[in-house]
Amino acid sequence: MLVEVEVQSLGMDRTTRSPVVVLRERGGDRVLPIWIGAAEASAIAMHLAGVDFPRPLTHDLVRSILTALDTTLLRVEVPRVDEGTYHASLVLRRGTDAVRVDARPSDSIAIAIRTGSTIVVADDLLRHMDLQVDEGEGTLTSPEVVQEVDLSGDAASSPLTAQDLADYLRKLDPEDFGRFTP
Numbered sequence: 001m002l003v004e005v006e007v008q009s010l011g012m013d014r015t016t017r018s019p020v021v022v023l024r025e026r027g028g029d030r031v032l033p034i035w036i037g038a039a040e041a042s043a044i045a046m047h048l049a050g051v052d053f054p055r056p057l058t059h060d061l062v063r064s065i066l067t068a069l070d071t072t073l074l075r076v077e078v079p080r081v082d083e084g085t086y087h088a089s090l091v092l093r094r095g096t097d098a099v100r101v102d103a104r105p106s107d108s109i110a111i112a113i114r115t116g117s118t119i120v121v122a123d124d125l126l127r128h129m130d131l132q133v134d135e136g137e138g139t140l141t142s143p144e145v146v147q148e149v150d151l152s153g154d155a156a157s158s159p160l161t162a163q164d165l166a167d168y169l170r171k172l173d174p175e176d177f178g179r180f181t182p
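Everything in the sequence shown is counted per our numbering, starting at 1 for the first residue and increasing by one.
Written out as structure tokens, the structure reads:
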């Protein structure tokens, strides 16, 4: 069974210094943290912050291509995880035809939030965690989620702020984009 989710927050794995997107069950309390690449984290964060660029970024380009081809993104599906790798599909409709396209969850989420499309995940991937996000500061404050994200357990009491993520992204070297390991 697939369950509708929404982007709850972005966080940082303090052990690997990898960004994490946290999806929350719509109308529920279960969450799914997915480790993602820095470029995708930046794309999601910029869109959620309402930052516009004079030229389209990659995920904006995909949205423009879909529009130009009179194609609708019906939904993003995250049905499974295999050996630590989450799998996703873009479910597209053009006229009466529907097609499923294999994609990374991070790219799929970035496209879905730009098109206002639904994101659904397999029910068995969602976990009960006490996640609390301070909307004013954009901080991730749940010890359970920080423990889940921070495998070393040494930073469970320090929340991640939006500024922490922005500082991290600014300090990345181009070779960092090819070294992501979930």
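Idealized CB from N, CA, C, for every residue including glycine. Bear in mind the structure is a predicted one, so any value in this text is a computation, not a measurement.
Cβ neighbours of residue i in the same chain (closer than 6 Å, five flanking residues each side left out)
{"i": "I36", "result": "P19, V21 and S106"}
{"i": "I34", "result": "V21, Y86 and P105"}
{"i": "H59", "result": "A43, A110, I111 and R114"}
{"i": "R93", "result": "T72 and L74"}
Test item: CB-CB of residue i and residue j under 8 Å
{"i": "V3", "j": "D82", "result": "no"}
{"i": "R24", "j": "E6", "result": "yes"}
Buried versus exposed call for residue i [16 or more other C-beta atoms within 10 Å across all chains shown]
{"i": "P56", "result": "exposed"}
{"i": "M12", "result": "buried"}
{"i": "V99", "result": "exposed"}
{"i": "M1", "result": "exposed"}
{"i": "L66", "result": "buried"}
Distance between residue j and residue i (C-alpha atoms, nearest Å)
{"i": "V121", "j": "M46", "result": "23 Å"}
{"i": "D52", "j": "L69", "result": "23 Å"}
{"i": "T71", "j": "I44", "result": "22 Å"}
{"i": "L10", "j": "L32", "result": "12 Å"}
{"i": "A112", "j": "P79", "result": "16 Å"}
{"i": "G27", "j": "Q8", "result": "12 Å"}
{"i": "R30", "j": "L126", "result": "6 Å"}
{"i": "P54", "j": "A38", "result": "21 Å"}
Supposed close pair residue i, residue j - CB separation, criterion 8 Å
{"i": "I119", "j": "R63", "result": "Rounded, the Cβ-Cβ distance is 15 Å, inconsistent with contact."}
{"i": "V101", "j": "S89", "result": "6 Å"}
Within-8 Å CB hit, residue i to chain C
{"i": "V31", "result": "As a matter of chain content, chain C is missing from the structure shown, which is built from one protein chain."}
Residues near residue i in its chain [Cβ-Cβ closer than 7 Å; skip 5 each side]
{"i": "V91", "result": "L74, R75, E77, A98 and R100"}
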